[in-house]
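Numbering (this note's numbering), first residue to last: 77 to 296.
Here is the structure we will look at.
Encoded structure:
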């Protein structure tokens, strides 16, 4: 099944689950994390007008602290042991083994995942399943031609060039009233079609994310 079709079906499933959620006393949460990610070596293809395709198996790095940070944030509404959330994840990738034709390729100001999540809690563990569109900020110099940062949607830096699926698990530790430490692990699958000069770079990004942060809640 194509990745985009799978993501559409997951979004439909999340919408159906939302309609079935029974009302109950709500607890709101605001959560934020730092962390790092490890990326699988899924093949990537660079296509430019009038040029042969460049295909390679990439080595990716995340570089969580430079030049921009890796981070993640979520607003969630819980009712008993079920919940819904909007989760923003700012992932990034750098190509570490470019061939001679590629001077640089990175998506560094973000693989910006905009995820709608369904949440469950069981035996102290919190589970999440999410899907949504993803905005990317690609930068590249390929065959001497550079694609910059201000050619995205509405003249911004951001291209709507991806979509993501996500599954995660979290554990929290109480620090203060209404304040918890949070450790999370998540896997994501993201379709990427990034603009380059006179063409596109297409790949799938499969990543394992480990995150640490704080979780603030509105009620016990």
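Yeah, the Cβ is synthetic: ideal placement off N, Cα and C, and Gly gets one too.
Next on the checklist: What residue range does the beta strand (DSSP E) around residue 273 cover?
Outcome noted: Looking at the DSSP string, residue 273 is not in any beta strand (DSSP E), and its letter there is neither H nor E.
Next on the checklist: Spatial neighbours of residue 248 within its chain, please: C-beta separation below 6 Å, excluding the five flanking residues on both sides.
Outcome noted: 256, 258, 291
Next on the checklist: Which of the three DSSP states is assigned to residue 231 in this structure?
Outcome noted: helix
Checklist entry - Cα separation between residue 271 and residue 169? => result 15 Å
Checklist entry - Which of the three DSSP states, helix, strand or coil, is assigned to residue 126? => result coil
Checklist entry - Does the distance from the CB of residue 179 to the CB of residue 213 come in under 8 Å? => result no
Next on the checklist: Suppose you measure from the CA of residue 237 to the CA of residue 202; what does that come to, to the nearest Å?
Outcome noted: 30 Å
Item to check | Cα-Cα separation between residue 288 and residue 115, rounded to whole angstroms | outcome: 18 Å
Checklist entry - Name the DSSP beta bridge partners of residue 224, please? => result Looking at the DSSP assignment, residue 224 forms no beta bridge with any residue, so it has no partner.
Next on the checklist: According to DSSP, residue 288 sits in a beta bridge with which residue or residues?
Outcome noted: 110, 259
Next on the checklist: Check this for me: beta carbons of residue 130 and residue 175, under 8 Å apart or not?
Outcome noted: yes
Item to check | Opening and closing residue of the beta strand (DSSP E) in which residue 158 lies | outcome: 158-171
Checklist entry - Given residue 97, which residues of its chain have a CB within under 8 Å of its CB, disregarding the five upstream and five downstream residues? => result Residue placement at residue 97 is flagged as unreliable, the pLDDT there being 48, under the threshold of 50; the coordinate-derived value follows with that caveat. Same-chain partners within the cutoff: 155, 158, 160.
Next on the checklist: By alpha-carbon positions, which one of 191, 195, 187, 293 ends up nearest to residue 251?
Outcome noted: 293
Checklist entry - Applying the criterion that 16 or more other CB atoms from any shown protein chain within 10 Å of the CB defines a buried residue, is residue 66 buried or exposed? => result The question about residue 66 has no answer here: the residues shown for the chain are numbered 77 through 296.
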